[in-house]
Each structure stands twice: as structure tokens, then as C-alpha cells.
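Going by this note's numbering, the sequence shown opens with residue 46, and the numbers climb by one from there. Where a beta carbon is used, it is the ideal one built from N, C-alpha and C, also for glycine. Comments concern the structure below.
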Amino acid sequence: HKVVAQISVKEYQVFANHHAWALTQLFGGITTCSQAIKAWEAKENASSEEAAVIKLYCQIPPIAKLDNSLNTLKNCEHLSLSTNCIDRLIPLSGMKKLRILSLGRNQIKKIEKLDDVSDSLEELWLSYNTITSLDGLSGLANLTTLYLSNNQIKNWDELDKLSNLPKLRDVLFTGNPIYEGLSKEEARLNVLKRIRNVMKIDGDMVKQTERDAVTGQ
């Protein structure tokens, strides 16, 4: 018989962080962004400066630091850096066409330095990090999708910081401490109260009955 282990979010994050550290030890260090880009070019037989989609996820050894080589990706619209050991963001002044930024399963603690892509960025994927605050998002006027499941958001007031994002439609918050002790429906209504224009919460479309519940109809 197959035995499936059940672990908590916190246990997963401890495991993931340890696993990432173990990879850096096992493979003797880290991969730089420049090295990852060159490897991508060799594999795809393509120019990174011309490519619209660039996937640098799950590098072995992992990427630990972002650097300015990313700013050579002038035509990139979708950049995936998920499943590495990245701990912080950097300015992306050379990526004026970036629409989708994927940074899930890293070690990011803070959302910051997105000003240079504020006009173009539409989707931000940050699930499975250690983010506690939703500061740093207010300038993303064209953001439609925000995935932040399995982080460390502990205060519902943080979601109020998203109320001024006019195009935000799809959000993911499962696995955060704010959901603890709440039913699925209670959590959804709490999200909807704070982000009224959202259309999808945690993978499910918002129902009219839910909208009526938060507007008192």
C-alpha cells in the first residue's frame, strides 16, 4: 500500500528551505542569473534578448541572487524564476515588456522594487515564499493576477492595500495564517470584502450570492 504523508504549510516551508540549502551544498554553490541565461540560450538555440518567454526555474544548483543580467531581457514578456533560492527582488529597468513574473517557491520575504515594470506587469506569481506584507504592490495599475498562497500573511488589513488595483481579478491566498480557523466560505468573503472587483478567489469564480453577502443585499 502507498502511504501519503500529510504535512502542514510550516513543515513544508521548513523542508523547502532546507532542501534548497542542501542543493547549494550538494552541487557546490549557486547558479548566477547570467549562467542560467547562457544555459537557456544553449538549450533553446535562441537569443535571450529577443525571446518573449524565458524559463529559468528549478536551476541546479539554484539561483540565490537576482542580478542585472536580467535587464538584458528587453523583449521578455514572461519570466519564470520559480523553485530556486532567491531571497529578494531587484529593479528590472530593462524589462519594459514584462507581463508575467513567476517567483514561486523561493525565499522572498518582501515585495519590492517593481516600479520599473509597473506599467506592463499583469501577473505576479509569488506562492510558497515567506512574505508577510503586501506593501510594494500599489503602483501596479495593470495587475490582473496575484498568486500569494502559502506565505506568512497574518493580518487581514494587508489585503486592504490591494483595493486600489483597478484591474485585479484573480487572487490566491490559501495557506496563509489569515485563513486559520476559517471555513473556505468565510475566508472567501473576507477576501471579497477587501477586494470588491476580484472575480476569482483561490481558483474558484466569485458567485453572485457572495457579492450579495458582502454588500448586504
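If we count the other Cβ atoms within 10 Å of its Cβ and call it buried at 16 or more, is residue 105 buried or exposed? Flag for residue 105 reads exposed.
Those runs of the beta strand (DSSP E) which lie wholly inside the segment 92-174 and span at least 3 residues: The segment 92-174 contains these whole beta strand (DSSP E) runs: 98-100, 123-125, 145-147 and 168-170.
Which whole-angstrom value is the C-beta distance of residue 179 and residue 213, which I expect to be below 8 Å? With a Cβ gap of about 11 Å, residue 179 and residue 213 do not count as contacting.
How many angstroms separate the CA atom of residue 253 from the CA atom of residue 83? Each residue's Cα considered, the two are about 49 Å apart.
From 186, 156, 231 and 259, residue whose alpha carbon lies closest to that of residue 209: Of 186, 156, 231 and 259, the residue nearest in Cα terms is 186.
Coil, strand or helix - residue 191 by DSSP: Secondary structure of residue 191 (DSSP, three-state): strand.
Specify, as a first and last residue, the run of the beta strand (DSSP E) that residue 45 falls within. This structure does not reach residue 45, given that the chain is present from 46 up to 262, and the question cannot be answered.
Pull the bridge partners of residue 245 from the DSSP assignment, please. DSSP, once it has assigned bridges, lists 215 and 250 as partnering residue 245.
Rounded to whole angstroms, what is the Cα-Cα separation between residue 220 and residue 230? A direct Cα-Cα distance of roughly 15 Å separates residue 220 from residue 230.
Contact check, residue 93 vs residue 111, beta carbons under 8 Å: A distance of 8 Å or more separates the beta carbons of residue 93 and residue 111.
Who pairs with residue 76 in a beta bridge, going by DSSP? In the DSSP output, where bridge partners are listed per residue, residue 76 has 108.
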